[in-house]
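Colleague: Just so we're aligned, residue 123 is where the sequence shown starts under the working numbering, counting upward by one. Here it is, the structure in full.
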Amino acid sequence: MARSNMDMTRGPITKNMLTFALPLMASGVLQLLFNAADSAVVGRFTGSEALAAVGSNGPLINLIVTLFMGLSVGTNVLTAQYLGSGKHKDLQETVSTSILSSALFGCILVVLGFILARPMLNLVKSPEDVIDLSELYIRIYFLGMPMLMIYNYGSAILRAIGDTRRPLVFMVISGVMNVVLNLILVIVFHMGVAGVAIATVASETVSAVLVLRCLMLTDDVWRFSLKGARINWAKLGMMTRIGLPAGLQGASFAISNILIQKSINSFGSAAMAGNAAAANIEGFCYVGMDCFSQAAISFTGQNFGAKQYKRIDKVLLNALCLGTAAGIIFGVPAYIFGRPLLSIFSDDPAVIDIGILRMGIICVTQFTSMWMNVPGNVCRAMGKSVFPMVNIITSVCVFRVIWITTVFTIDRSLTILYLSYPISWVIAGIVGLIYYMHVRKKLLAGASAEAAA
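The following block contains the structure:
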């Protein structure tokens, strides 16, 4: 049987990165297809209010989830570094700690989701015709958090060793189940928003079981065994130091997006539905790019652990070029064919008009987000997580808050609101690249001094 892992410290980077990223891209696209199926089924068979309830919950869910999900970045980085350096005992402790802590974090999220659902919906002024459906969706959705956490942390381990193919297979299996359950629960049993949420939880459970089975049945050093499994607090501390800044960054993103969602909500349910539909389509463009940003973490981590420091430059350049190209290839056609794509979610002309407005600004400029993501992920994989977080929070999140309270206040239009996205991406990208050059200079200087000694 062919080995599923990849040695990222040697061989052609472009070819290996494509081999790594394409299954990851397919996984992301499939995940979004299944999420889009949620919106499409509920929008077509239940109505615009249900579509708004499902689609507008994204920023709220992300705010609660991303802090814990960000710690999976620490799992990815530590696993890749220990694999690259050949520290197998540390690798096994990292795997055990990651799986157990992910289950714990998931249970915490179940409680938070139930407690915070209604207050957060009130905070963003969710309209009266949507708020009850939104609350129902969030509470059912969060019941699946332990399974979602286990799947994401387990997938982070597999990505770190270079295996993106098996997570793709798991995604296909769980996603098909999600679509089938959507159709049965919404169309046959008329369960609406509740049916969509239940289908999501069930599919997440299947994906978690599959990734756990994969890690438990392998004979390699990254095997997870329930016998003797425990949380290594030192490893959890290291994961936290690397991953917490990424989680805080994600939470800050979510806060700024909640403010944007709040502004969108003020335009009514049609704007909410159009925004949600466009965001679903843009998500496909984003995962087409972001797979290269995710690849940069694993490739950098392994090369950093193996002390192949100069090779990291090539990793960053390849990830930037491939991610930018993918952004243009996916983003521009998505906007050109925006109207027929949006009609999948709704046949309301007002909803489609608002969706195409958003796509005309964001889809065609989304490739610039790679200039922000890739340098930040490369620095995180080298253990430098704090400044990328500060950069993103300042250049993106704080900037968008200032934009909403100043420019948007002067001209309250969706066009002005959406322009905050590409401007913030470019600012964060410039700062991130400058910081990477600083880290690179210090790293090479330290390596030269160590060699001389």
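Beta carbons are placed, not taken as given, at the ideal position from N, Cα and C, and that holds for glycine. These numbers were taken from a predicted model, which means no experiment stands behind them.
#1: Under 8 angstroms, do Trp344 and Leu213 count as touching if we go by C-beta distance?
#2: Is it right to say Arg502 is buried, meaning 16 or more other beta carbons lie within 10 angstroms of its own, or is it exposed?
#3: Okay, do the stretch 425-439 and the stretch 130-142 touch, 3+ Cβ pairs below 8 angstroms being the bar?
#4: Going by alpha carbons, who is nearest to Leu173 out of Met139, Ser161, Met492?
#5: What whole-angstrom Cβ distance do Leu255 and Val323 have, given they're in contact under 8 angstroms?
#6: So, for Val454: in the same chain, excluding its five sequence neighbours on each side, which residues have a beta-carbon less than 7 angstroms away from its beta-carbon?
#7: With a threshold of 8 angstroms on Cβ separation, who are the neighbours of Ala351 within its own chain once the five nearest residues in sequence on each side are excluded?
#8: Quick check on DSSP: helix, strand or coil for Cys501?
#9: For Asn138, which residues in the same chain have their Cβ closer than 7 angstroms to its Cβ, ignoring the five residues on either side in sequence?
#10: For the alpha helix (DSSP H) containing Gln214, list its first residue and its last residue.
#11: If you count every other CB in all the chains shown that lies within 10 Å of the CB of Thr216, and 16 or more means buried, which is it?
#12: Quick check on the DSSP output: what are the complete alpha helix (DSSP H) runs of length 4 or more inside the stretch 324-396, in order along the chain?
#13: Return the first residue and the last residue of the alpha helix (DSSP H) that Gly445 is part of.
#14: Using 8 angstroms as the cut-off, can you tell me whether the stretch 361-375 makes contact with the stretch 489-497, which would need three or more C-beta pairs spanning the two stretches below that distance?
#15: Going by other Cβ atoms of all chains shown within 10 Å of its Cβ, with 16 needed for buried, is Phe530 buried or exposed?
#16: Could you tell me if Ser347 is buried or exposed, where buried requires 16 or more neighbouring beta carbons within 10 angstroms of its beta carbon?
#17: With a cut-off of 8 angstroms on the beta carbons, I'd call Phe406 and Leu154 a contact; round off their distance for me.
#18: Beta-carbon within less than 8 angstroms of Tyr263's beta-carbon, same chain only, minus the 5 sequence neighbours each way: which residues are those?
#19: Going straight from the alpha carbon of Val163 to that of Ile483, what length do you get?
#20: Quick one: is Gly192 near chain C, going by C-beta distance under 8 angstroms?
#21: So, are the CB atoms of Ile386 and Ala393 less than 8 angstroms apart?
#22: Take Pro448 as the anchor and find which of Cys413, Glu250, Gly477, Ala159 has the nearest alpha-carbon.
#23: Go ahead and label Ala567 buried or exposed: buried means 16 or more other beta carbons lie within 10 angstroms of its beta carbon, across all protein chains shown.
#24: Among Ile451, Leu280, Thr446, Met504, which residue has its Cα nearest to the Cα of Phe489?
#25: For Ala373, tell me which candidate among Ala417, Val294, Met191 has the shortest Cα-Cα distance.
#26: What are the boundary residues of the alpha helix (DSSP H) that includes Ala428?
#27: Just how far apart, CA to CA, sit Leu464 and Tyr408?
#28: On the three-state DSSP scale, how would you describe Cys485?
#29: Taking Val232 as the reference, give the member of Ala278, Glu257, Pro268 with the closest Cα.
#30: DSSP on Ile253, reduced to helix/strand/coil?
#31: Which first and last residues belong to the alpha helix (DSSP H) in which Ser248 is found?
#32: Can you tell me whether DSSP reads Phe264 as helix, strand or coil?
#33: What separation, rounded to the nearest whole angstrom, lies between the Cα atoms of Tyr543 and Ala282?
#34: So the alpha helix (DSSP H) Asn304 belongs to, where does it begin and stop?
#35: Evaluate Thr528 with the Cβ neighbour count: other Cβ atoms within 10 Å of its Cβ, from every protein chain shown; 16 or more gives buried, anything less gives exposed.
Modeller: Well, looking at it:
#1: For Trp344 and Leu213, yes; Cβs fall inside 8 angstroms.
#2: buried
#3: yes
#4: Ser161
#5: Contact flag wrong, Cβ pair sits at about 17 angstroms.
#6: Val486
#7: Ser218, Ile221, Leu222
#8: The answer is helix: DSSP assigns Cys501 an H, G or I state.
#9: Met128, Met130
#10: 210-245
#11: Result: buried.
#12: Those alpha helix (DSSP H) runs which fall completely within the stretch 324-396 and span 4+ residues are 355-387.
#13: 431-458
#14: no
#15: By the 16-neighbour rule on beta-carbons within 10 angstroms, Phe530 is buried.
#16: exposed
#17: The C-beta distance from Phe406 to Leu154 rounds to 5 angstroms, short enough to meet the 8 angstroms contact threshold.
#18: Asn179, Ile183, Gly235, Ala319, Thr322, Val323
#19: 27 angstroms
#20: Absent here is chain C; the protein component of the structure consists of one chain.
#21: Less than 8 angstroms divides the Cβ of Ile386 from the Cβ of Ala393.
#22: Correcting the residue identity first, residue 448 is Ala in this sequence and not Pro. Measuring from the Cα of Ala448, the nearest candidate turns out to be Cys413.
#23: exposed
#24: Thr446
#25: Met191
#26: Ala428 -> no alpha helix (DSSP H), and no H or E assigned at all.
#27: Their Cα atoms are separated by approximately 17 angstroms.
#28: coil
#29: Pro268
#30: helix
#31: Ser248 -> no alpha helix (DSSP H), and no H or E assigned at all.
#32: It is helical.
#33: 30 angstroms
#34: 287-304
#35: exposed
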